[in-house]
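Residue numbers (this note's numbering), protein chains in the order written: chain A, 4 to 169; chain B, 1136 to 1299.
We treat Cβ as the ideally placed atom computed from N, Cα and C, and that holds for glycine.
This report concerns only the one structure given below.
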């Protein structure tokens, strides 16, 4: 007869095995999603964030892009390459306008058209409190192109989809 | 058969009972995923018709056989259905939309908008609604035209209508 002790040990080993599989053998989709979670985390802002943390966060975001990094926003007639320096300044400037930011990505649709290239369609959601205290929320559908470099998925292009065209 | 409150609150876990639970779970999942999608309104763009914080259901079978019509309030998806926009259809494909000093003109005629409660000073030059598109605007036009999200969108993006 199998002792209860053995069953418990088998259960623990099984759970540890499942965790190990998920940790060490992540699918490429999971890795891409994780990068977006990381970006969202760096965009988010807690009240009274100091300037050193703000600069570090902006810097971490720019580490996740590949230059030339292209941004396309038809609603603003914008389509151009931006450098990591420009992006860092833009992120710092935008984040400084808010006292608090909640940021999340939803509804991922991920394709791998060729090796080390991913195309992601998703919804970005931002809720923030402006420095005067006004509450702001914004949603955008985005099409992103990512490339895998040194086992890390990095952003190559972002297009803000115009869902409602004025 | 006689039931008491204890049997009702703490039923015996039988095969039939587990089967019923499974059926209810499957039905609930299918109903709230494919027929009525629950959502909470966040924002003020449809006030006073729909207020910030209200709960509602998006009825997804509404446009299976018919196309959206003018004055319908519709749910518009973005990349998926986690975030949807609630707007009112004001013009259909081929129509020309224009706003003059807050008055909405469709094909150069003022349309009846009884749902509006707040005045606006919006101005928008005439533009034609493309094929398979509809033109949508929120009911609350008291905010700046630059802030309010409105415009034409593909009817393929319309996932349904709010149930109430």
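message: Which residues of the stretch 1267-1298 of chain B have a Cβ closer than 8 Å to any Cβ of chain A? Give them in chain order.
response: Those residues of the stretch 1267-1298 of chain B that come within reach of chain A (Cβ to Cβ, closer than 8 Å) are 1271, 1284, 1285, 1286, 1287, 1288, 1292.
field: Cutoff 7 Å: residue 168 of chain A Cβ touching any chain B Cβ
entry: Yes, residue 168 of chain A counts as interfacial toward chain B.
- prompt: How many angstroms separate the CA atom of residue 1242 of chain B from the CA atom of residue 1186 of chain B?
  reply: Spanning the two alpha carbons is a distance of roughly 30 Å.
query: Counting along the chain, where does the beta strand (DSSP E) carrying residue 126 of chain A start and finish?
result: Taken as a continuous stretch (DSSP letters only), the beta strand (DSSP E) holding residue 126 of chain A covers 120-133.
- request: Taking a Cβ distance cut-off of 8 Å, strictly less, list which residues of the stretch 1197-1217 of chain B are near chain A, in chain order.
  value: Shown in chain order are the members of the stretch 1197-1217 of chain B whose Cβ falls below 8 Å from a Cβ of chain A: 1211, 1213, 1214, 1215, 1216, 1217.
message: With a threshold of 7 Å between beta-carbons, can residue 124 of chain A be considered close to chain B, or not?
response: Put simply, the CB of residue 124 of chain A is near chain B, with a gap under 7 Å to one of its CB atoms.
query: What span of residues does the beta strand (DSSP E) with residue 1221 of chain B cover, start to end?
result: Secondary structure note for residue 1221 of chain B: its beta strand (DSSP E) is the uninterrupted segment 1219-1226.
query: Leaving out five residues before and five after residue 1194 of chain B in sequence, what residues of the same chain have Cβ atoms less than 8 Å from its Cβ?
result: Leaving aside the five residues that flank residue 1194 of chain B on each side, the residues in its chain whose CB is nearer than 8 Å to its CB run, in chain order, 1170, 1171, 1295, 1296, 1297, 1298.
query: Does the beta carbon of residue 105 of chain A come closer than 7 Å to any beta carbon on chain B?
result: Taking Cβ atoms only, chain B never reaches closer than 7 Å to residue 105 of chain A, which makes this a no.
message: According to DSSP, is residue 109 of chain A part of a helix, a strand, or is it coil?
response: Annotated three-state conformation of residue 109 of chain A is strand, per DSSP.
query: Cα-Cα, which of B:1159, B:1232, B:1238 is closest to residue 1253 of chain B?
result: Minimum Cα distance to residue 1253 of chain B is reached at B:1238.
- prompt: Under a three-way DSSP split, which group does residue 1197 of chain B fall into?
  reply: Coil.
query: Which residues in chain A sit within 7 Å of residue 1177 of chain B, going by Cβ to Cβ distance?
result: Within chain A, the residues near residue 1177 of chain B are 140.
query: For residue 65 of chain A versus residue 99 of chain A, is the C-beta spacing smaller than 7 Å?
result: The answer is no: Cβ separation not under 7 Å.
Neighbourhood of residue 1288 of chain B by C-beta distance below 7 Å, restricted to the same chain and skipping five residues each side: Annotation for residue 1288 of chain B: 1211, 1268, 1269, 1271 place their beta carbon closer than 7 Å to its own, counting only its chain and skipping 5 residues before and after.
query: Using a Cβ-Cβ distance under 7 Å, would residue 80 of chain A count as near chain B?
result: Not closer than 7 Å to any Cβ of chain B, the Cβ of residue 80 of chain A fails to qualify, so no.
field: Touching by the beta-carbon criterion (3+ pairs, under 8 Å), the stretch 97-111 of chain A and the stretch 121-132 of chain A
entry: Because the criterion of three Cβ pairs below 8 Å is met, the stretch 97-111 of chain A and the stretch 121-132 of chain A touch.
query: Is any beta-carbon of chain B found at less than 7 Å from that of residue 109 of chain A?
result: Chain B contact via Cβ: present.
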